[in-house]
Each structure stands twice: as structure tokens, then as C-alpha cells.
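A.B. asks:
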Amino acid sequence: MSVEVTNESALPADEEEHSRLGRFILDSLYVHAEAELSIILVDTEAMERLHIEWMDEPGPTDVLSFPMDELRPGTAARPTPPGVLGDIVICPQVAAEQAAKAGHPVSEEMLLLATHGILHLLGYDHAEPEEKEEMFSLQRQLLGSFLGKDAPTETTL
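The numbering of the sequence shown is my numbering, which starts it at 6 and goes up by one.
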């Protein structure tokens, strides 16, 4: 399983921990061992440009997901086919603001955003209440299992 993490932001981040999280989530959801995932950390200006270009919304956001091969979670008996899951772009500066507001460490907010982005790549969404409950419940379960404690609460500015 290939999880590439690139930090293009001015803030430090634990790239190896993000890579381990990606592998943990993909393994937990029976994504093929040859699947590829990219996590890119960018500064506020770059995130704002992406947010405007792809979502037609002003200002930076916390995380954006760009799916490629539309892979979906598999099962133990039938993992997903190999392929490119896609890219997740996270803005550490926005994550830091959200973490301060929520009262948890920035590192946990970054992992929360990575988990959220990976689930979007796997087809989960939160536009409808039922979808939101399913996605956020799985998000808390996966991140909590990875951290070995309760996952931080989702926060938005």
C-alpha cells in the first residue's frame, strides 16, 4: 500500500504518522494492498486557490479530496481492486485554528482531517443527515482505533 505524504506548508507535521494512518484506514476498509494514496499539506494561499478553483468557494478550507479511480471499501473476502485512490490536500494553518477552537492538539486535528479526506475518497459523504451520521461515526471509530483513545470532535470555523 503506497501512502505518500508531502509537506509543502510552512508548518511542521509528522509525515510518517499520516502515512501510518492512511495505511491503517485503507487496511481496515479492505482496500487493495496495491492502492495508492497521496496526502499533501499546503499553506493557506494554496488551499484558497484550490478551494476557489474546485469548489467555487472563497477562502481556504481545511481539507479537500480529489478521487481518482473511485475505489470503494471492500471486505475481507473481496478487497477493492488495485488502483489510485486519489489525493487529499490539508491546510495545517486552518487545522491549527480549528484545533485551538476545539481544544485538542493540532496533530489530532490533522489526523482527523486526513481520516475525513480518505473517507471522501472512498465514496462517503455528509450532505444528508443519514450520510453524515454514517461517515462521522466511521471516522470517529477509525481514528479512535488508530489513536488508541477517543477521537477528537469534528470542528469547523
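Built from N, CA and C at the ideal position, the CB exists for glycine as well.
Keep in mind the model is a prediction, meaning the values are calculated, not measured.
Assuming Ser7 contacts Leu42 under a Cβ cut-off of 8 angstroms, what Cβ separation, rounded to an integer in Å, is found between them?
C.D. replies: Along the sequence shown, read from residue 1 onward, the residue named residue 7 stands at position 2. Along the sequence shown, read from residue 1 onward, the residue named residue 42 stands at position 37. Indeed, because the Cβ distance is near 7 angstroms, the residues count as touching under 8 angstroms.
A.B. asks: Unbroken alpha helix (DSSP H) runs of length 4 or more, entirely within the segment 57-134: which are they?
C.D. replies: Runs found: 97-107 and 111-126.
A.B. asks: Kindly indicate which three-state DSSP category Thr11 falls into: helix, strand or coil?
C.D. replies: For this step, residue 11 is matched to residue 6 along the sequence shown. Thr11: strand per DSSP, three-state reduction.
A.B. asks: Identify, in the order they occur along the chain, each residue of the same chain with its Cβ nearer than 6 angstroms to the Cβ of Lys137, setting aside the five sequence neighbours on each side.
C.D. replies: Here residue 137 refers to the residue found at position 132 when the sequence shown is read from its first residue. Result list for Lys137: His131, in chain order.
A.B. asks: Whose C-beta lies closer than 6 angstroms to the C-beta of Pro134 among residues of the same chain, with five residues either side of it excluded?
C.D. replies: In the sequence shown, counting from the first residue as 1, residue 134 sits at position 129. Counting only Cβ-Cβ distances below 6 angstroms, and skipping sequence neighbours, we find nothing.
A.B. asks: Alpha carbon to alpha carbon, how far is Asp48 from Ile123? Give it in angstroms, no decimals.
C.D. replies: Along the sequence shown, one-based indexing puts residue 123 at 118. Along the sequence shown, one-based indexing puts residue 48 at 43. Distance between the alpha carbons of Ile123 and Asp48 is about 20 angstroms.
A.B. asks: Identify the continuous beta strand (DSSP E) that holds Glu159 and give its terminal residues.
C.D. replies: Along the sequence shown, read from residue 1 onward, the residue named residue 159 stands at position 154. Note, Glu159: premise wrong, no beta strand (DSSP E); not H, not E.
A.B. asks: Assign Leu148 to one of three DSSP states: helix, strand, or coil.
C.D. replies: What you label residue 148 is simply residue 143 of the sequence shown in a count that begins at 1. Leu148: helix per DSSP, three-state reduction.
A.B. asks: From Lys154, Pro157 and Ala119, pick the residue whose C-alpha is nearest to that of Ile30; which is it?
C.D. replies: By one-based count along the sequence shown, residue 30 stands at place 25. That would be Ala119, whose Cα lies nearest to the Cα of Ile30.
A.B. asks: Taking the straight line between their C-alpha atoms, what separation do you get for Glu13 and Ile45?
C.D. replies: In the sequence shown, counting from the first residue as 1, residue 13 sits at position 8. In the sequence shown, counting from the first residue as 1, residue 45 sits at position 40. Approximately 7 angstroms, taken between the alpha carbons.
A.B. asks: Between Leu76 and the rest of its own chain, which residues show a CB-CB distance below 7 angstroms, the 5 nearest in sequence each way excluded?
C.D. replies: Looking up residue 76 in the sequence shown gives position 71. The residues are Val36, Ala40, Thr85, Gly88, Leu90 and Leu127.
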